[in-house]
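Residue 159 in UniProt numbering is what sits at position 159 of the sequence shown, and the numbering runs on without skipping anything.
Just so it is clear, CB atoms sit at the ideal spot from N, CA and C, and this is done for glycine as well.
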Amino acid sequence: MVCAELAARLQVSEHTIRRDLHELSREGFCKKVYGGAVLSLPEAGDYSQRKDKNRAIKLRIAQQCARLVKPGGTIFIDTGTTNLAMAEALPAELALTVVTNSPEIAAVLVKKPLYDVVILGGQVQRASGGCVGAAAVAQVQGMLFDQGFIGGCAMAPESGLTGFDYADCEFKKAVIKQCSEIIVGLTSDKIPAAARFVVAASSDIDVLVVEENISREYRVAFQQHDICIYTV
């Protein structure tokens, strides 16, 4: 939401809009950003609780992400329910090196005979379903990826990609530094919204795969950050 647009639509002053947004932000309903506000999402549940949520649309997003994989490359697949569906959708005939911090994703990929699969180590975090600690960060700092498929809890043009868990977000930051191309697949209920911790600025994201019902306003806003958008 942009203050100037809301003021014009509601026929009130921008000062009134900013005051009301300030109150809504204090009560936790939204997060103030430069020029306006975005929705504050409730914290996501554990990985096991999220697996069946929005299953059909996650599958469509996952299939589009799988089509973006470049044969013969080295890619990173982040933990997450959409990325798990993507791992299942990847063609078995691709020759790939895949690194992941998710035991469940690794178990899917190792069944594909042409794939070289590397799993990062450490304690598996129950909330994310992956290894995100110091050991995993140290390992990933010694690797380079052609593509990184990164998960997130929320995204908005102003605040970028954000998440709820600090350790998970710091791990994602470490991965992003090692990637030539960053691809994010999100359901539309995560856009526009913001969580607690920044993973990446919008300008750091190369490709966004999202539902086709994303508004023209946000499609244009993301494209202004040079993000290529695929809708499903």
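Asked                                                                                                                                                      : Found
So, with DSSP's three-state summary, where would you put M86?                                                                                              : helix
With L186 as the anchor, note down where its beta strand (DSSP E) starts and where it stops.                                                               : I182 to L186
Rounded to whole angstroms, what's the CA-CA distance from V117 to R216? Just pull it up for me.                                                           : 39 Å
Suppose contacts are defined by Cβ-Cβ distances below 7 Å. Is G122 in contact with A136 by that definition?                                                : yes
With DSSP as the reference, identify every bridge partner of I227, one or two as the case may be.                                                          : I227 is not bridged to any residue.
Do you know how far the Cα of S13 is from the Cα of D78?                                                                                                   : 44 Å
May I ask you to report which of helix, strand or coil DSSP gives V108?                                                                                    : helix
Taking only beta-carbon positions, decide if E93 is within less than 7 Å of chain B.                                                                       : This model lacks chain B altogether; it includes just one protein chain.
Using the three-state DSSP reduction, which class does C153 fall into: helix, strand or coil?                                                              : coil
Need the endpoints of the alpha helix (DSSP H) that A200 sits in, please.                                                                                  : Taken as a continuous stretch (DSSP letters only), A200 belongs to no alpha helix (DSSP H), being part of the beta strand (DSSP E) at F197 to A200.
What distance in whole Å lies between the Cβ atoms of P71 and A95, which are believed to be in contact at a cut-off of 8 Å?                                : 6 Å
First and last residue of the alpha helix (DSSP H) that includes I176?                                                                                     : Y166 to K177
Report all residues from its chain with a CB closer than 6 Å to the CB of V175; omit the five preceding and five following residues, and keep chain order. : F76, V140 and G148
Less than 7 Å separating the beta-carbons of A154 and A200?                                                                                                : no
According to DSSP, simplified to helix, strand and coil, what is Q63?                                                                                      : helix
Round the Cβ separation of G151 and G80 to the nearest angstrom and send it over; I've been treating them as touching at under 8 Å.                        : 3 Å
If A87 and L120 are in contact, beta carbons under 8 Å, what's the gap, nearest whole angstrom?                                                            : Not really, about 15 Å apart at Cβ, beyond 8 Å.
DSSP state of D116, grouped into three classes?                                                                                                            : strand
Quick check: D206 and E170, are their CB atoms within less than 7 Å of each other?                                                                         : no
What number of angstroms, rounded off, separates the C-alpha of K212 from the C-alpha of G163?                                                             : Residue identity check: residue 212 is Glu in the sequence provided, not Lys. Those two C-alpha atoms are separated by around 23 Å.
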